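Visitor: In the numbering used here, the protein residues as written are 2 to 87.
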Amino acid sequence: PKAIEAGRDAVARSQLYPDPDWTLLRDAVARTYGVERDLILCGAGSMELIACTIAAFAGPGADVLATSYAYNFAASAAARVGAAYV
2 PKAIEAGRDA
12 VARSQLYPDP
22 DWTLLRDAVA
32 RTYGVERDLI
42 LCGAGSMELI
52 ACTIAAFAGP
62 GADVLATSYA
72 YNFAASAAAR
82 VGAAYV
């Protein structure tokens, strides 16, 4: 019964865009782990989070380090901000 109700609620809201600030999820994570909501970064997949992290912490002349098993996407994200991928 609860699953059916949740499904109906989801279908009723399916025409709406998702919250770009991830408010409900960030609030729940903040409550669960006792951290400030502003310290929580959510994304629509690892590539988005990798790009955001590299953009925030690297720039022209910086080195972005990764293991040989890292996503190849990190190299293009580093190049986008003028950093070297090592």
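By construction, the Cβ of each residue, glycine as well, lies at the ideal position given by its N, Cα and C atoms.
As the structure is a prediction and not an experimental result, all values here were calculated from the model.
Spatial neighbours of A52 within its chain, please: CB distance less than 6 Å, with the 5 preceding and 5 following residues excluded, ordered by chain position.
Guide: Counting from 1 along the sequence shown, the entry for residue 52 is found at position 51. Here the set comprises A78.
Visitor: Tell me where the alpha helix (DSSP H) around A80 begins and ends.
Guide: The sequence position of residue 80 within the sequence shown is 79, counting from 1. Its alpha helix (DSSP H) spans residues F74 to R81.
Visitor: Can you give me the Cβ contacts of A75 inside the same chain, cut-off strictly under 8 Å, excluding the 5 residues immediately before and after it?
Guide: Indexing the sequence shown from 1 puts residue 75 at position 74. The answer, listed in chain order, is I51, I55, V65, A67 and Y86.
Visitor: Got a sec: is the Cβ-Cβ distance from A31 to anything in chain B below 8 Å?
Guide: Absence of chain B from the displayed structure is noted, only one protein chain being present.
Visitor: My output table needs one value for D64: the three-state DSSP class, helix, strand or coil.
Guide: Within the sequence shown, residue 64 is the residue found at index 63, counting from 1. The answer is strand: DSSP assigns D64 an E or B state.
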